[in-house]
Amino acid sequence: MIYLDSSATTPIDPEVSKAMWPYLNEEYGNPSSKYYTLAENAKRAVEEARGHVASLLSCQPNEIIFTSCATESNNFVLKGVAHYYKNKGKHIITSKIEHKSILETCKFLESEGFEVTYLDVDQYGQVQLEALKDAIREDTILISIMWGNNEIGTLNNIEELAKYVKEHHPYIFFHTDATQVLGKIEVDLSKVPVDFLSLSAHKMYGPKGIGACFIRKRELGLRTKITPLLHGGSQEDGYRSGTLSVHNIVGLGKAAEVAKIHLEEHRAKLLELEEYLVSMLKQEFPDIKFNGHPEQKIPGVINFTIPGINNELIIRGLKDEFAISTGSACSINEPSYVLGAIGLNALEIKNSFRISLNKYLDKNKIDHFIQNLKKHVERLTI
1 MIYLDSSATT PIDPEVSKAM WPYLNEEYGN PSSKYYTLAE NAKRAVEEAR GHVASLLSCQ
61 PNEIIFTSCA TESNNFVLKG VAHYYKNKGK HIITSKIEHK SILETCKFLE SEGFEVTYLD
121 VDQYGQVQLE ALKDAIREDT ILISIMWGNN EIGTLNNIEE LAKYVKEHHP YIFFHTDATQ
181 VLGKIEVDLS KVPVDFLSLS AHKMYGPKGI GACFIRKREL GLRTKITPLL HGGSQEDGYR
241 SGTLSVHNIV GLGKAAEVAK IHLEEHRAKL LELEEYLVSM LKQEFPDIKF NGHPEQKIPG
301 VINFTIPGIN NELIIRGLKD EFAISTGSAC SINEPSYVLG AIGLNALEIK NSFRISLNKY
361 LDKNKIDHFI QNLKKHVERL TI
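If you want it as structure tokens, here you go:
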């Protein structure tokens with residue numbers, strides 16, 4: 001199987017699985033327990049992992065809260081801010097092309113009486129600063145804009161958007177879902193003044209079932225107060241109750257450490273493979289159209305349309321040897337609302353594909369894919 005769907009998930013890095021193994025076996029202590037060695041070892045492993053995630057984000061370790069995934073982190077931030085600060089305002093701003101875990105959470109909050117403004121994006125899928133400015137109201141309490149889109153790869157200028165909000169509306173919270181960009185571009189939260197950031201391990205060669213949420217400390221080191229999703233013990237500074245999944249946290253920490261060390265190498269490889277793949281696609285399919293921003297994009301994410309070619313038939317024809325997709329794994333049975341938001345019609349959406357690359361691919365595998373894609377397209381056009 002040649003895996004070309006790395007925006008859905010990534011293969012686990014051998015360094016990650018090796019680091020996790022002891023905590024699935026002999027190191028089974030609960031980090032919340034006290035005094036004995038097994039618990040101390042688990043606590044030490046958790047804090048070391050927290051440090052690696054913080055290093056990747058250029059923030060402080062005590063600003064990292066472990067969750068089960070980015071979907072939980074997104075729910076935690078949106079519901080937590082909305083419920084805690086509802087007496088200050090009930091207006092939230094997001095975009096029309098956010099991940100489903102943002103859009104569905106916003107729907108839920110609307111059912112509770114909150115108002116949500118869904119910003120349009122431009123033809124490339126970017127949120128424009130002027131549109132955000134126009135949407136802000138006196139009762140706005142939270143803005144949530146994704147750093148990079150999972151379907152078309154377009155990057156938003158989160159630094160510009162967040163800086164405007166913090167300079168002109170400092171009491172509005174700013175959240176970004178950075179799940180798709182970590183390990184592929186630099187994310188420096190000492191320069192980008194977001195209040196919250198969501199991430200997931202399995203999008204950067206780590207295990208499934210573990211994520212994290214960055215929560216910026218306020219002035220004088222005071223923690224930002226929001227309502228927890230889970231109530232119980234005092235784990236994670238009271239933000240998230242429940243016994244910590246030590247082996248998964250260790251896996252996330254190792255994935256973050258590897259991502260930090262090899263960031264430029266990984267980014268360069270993805271860009272090289274992307275350039276090669278795009279050139280081959282253009283050569284074999286002259287009428288191809290690429291979706292998303294041509295430059296301000298996540299390395300290795302390519303979304304394209306081949307007119308007249310049904311994407312479902314192609315994907316089914318290739319499924320035994322190649323993994324590609326039409327878009328988000330969380331919207332698999334629905335037409336892409338992301339492509340619709342950037343102006344594609346229903347037929348163009350059915351003719352569109354997403355390929356997302358990973359560090360284990362090479363040009364030979366891409367050649368093999370192109371040959372097979374061409375063969376299946378030719379069968380449909382006879």
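Under the UniProt record's numbering, the first residue of the sequence shown is numbered 1, with each subsequent residue one higher. The beta carbon of each residue, even a glycine, is placed where N, CA and C say it ideally should be.
Within the same chain, and ignoring the five residues on either side of Asp13 in sequence, the residues whose Cβ sits closer than 8 Å to its Cβ are Tyr205, Gly206, Lys254, Ala255, Val258. For the 7 Å CB-CB criterion, Ser101 and Ser356 do not form a contact. According to the DSSP assignment, Arg218 belongs to no alpha helix (DSSP H), since it is labelled neither H nor E.
Counting only the Cα atoms, Lys79 lies some 11 Å from Glu110. In terms of Cα proximity to Ile302, the closest of Thr243, Val278, Thr94, Ile366 is Val278. Ranking Ile210, Arg218, Ile172, Val377 by CA distance to the CA of Ala135 puts Ile172 first.
Inclusion of Ala201 and Ile215 in the CB contact set at 7 Å is not warranted, their separation being larger than that value. Rounded to the nearest angstrom, the Cβ distance from Gly183 to Ile152 is 19 Å, too far for a contact under 8 Å. A residue is called buried once 16 or more other Cβ atoms fall within 10 Å of its Cβ, and Lys203 is buried on that count.
Relative to Leu244, the option among Asn150, Ala42, Glu26, Gly113 whose CA is nearest is Ala42.
Contact between Leu273 and Ile366 holds: their C-beta atoms lie close to 7 Å from each other, under 8 Å. CA-CA distance, Gly113 to Gln296, rounds to 36 Å. Of Ser190, Ser17, Ile315, Thr10, the smallest CA-CA separation from Glu63 is found for Ser190.
Scanning the stretch 209-252 from its first residue to its last, the whole beta strand (DSSP E) runs of 3-plus residues come out as 211-215. Under the three-state reduction of DSSP, Glu115 is assigned to strand. In terms of CA proximity to Lys359, Glu264 leads the group Glu264, Gly242, Glu160, Gln283. Taken through DSSP and simplified to helix, strand or coil, Arg379 comes out as helix. Shown here, Thr326 sits in coil according to DSSP, grouped into three states, outside any helix or strand. Every alpha helix (DSSP H) stretch that sits fully inside the stretch 37-99 and reaches 4 residues is listed by chain position as 37-57, 70-84. Contact between the stretch 47-58 and the stretch 82-91 is absent: fewer than three C-beta pairs spanning the two stretches fall below 8 Å. Ser17 sits in a helix when the DSSP states are folded into three classes. A direct Cα-Cα distance of roughly 6 Å separates Leu24 from His247.
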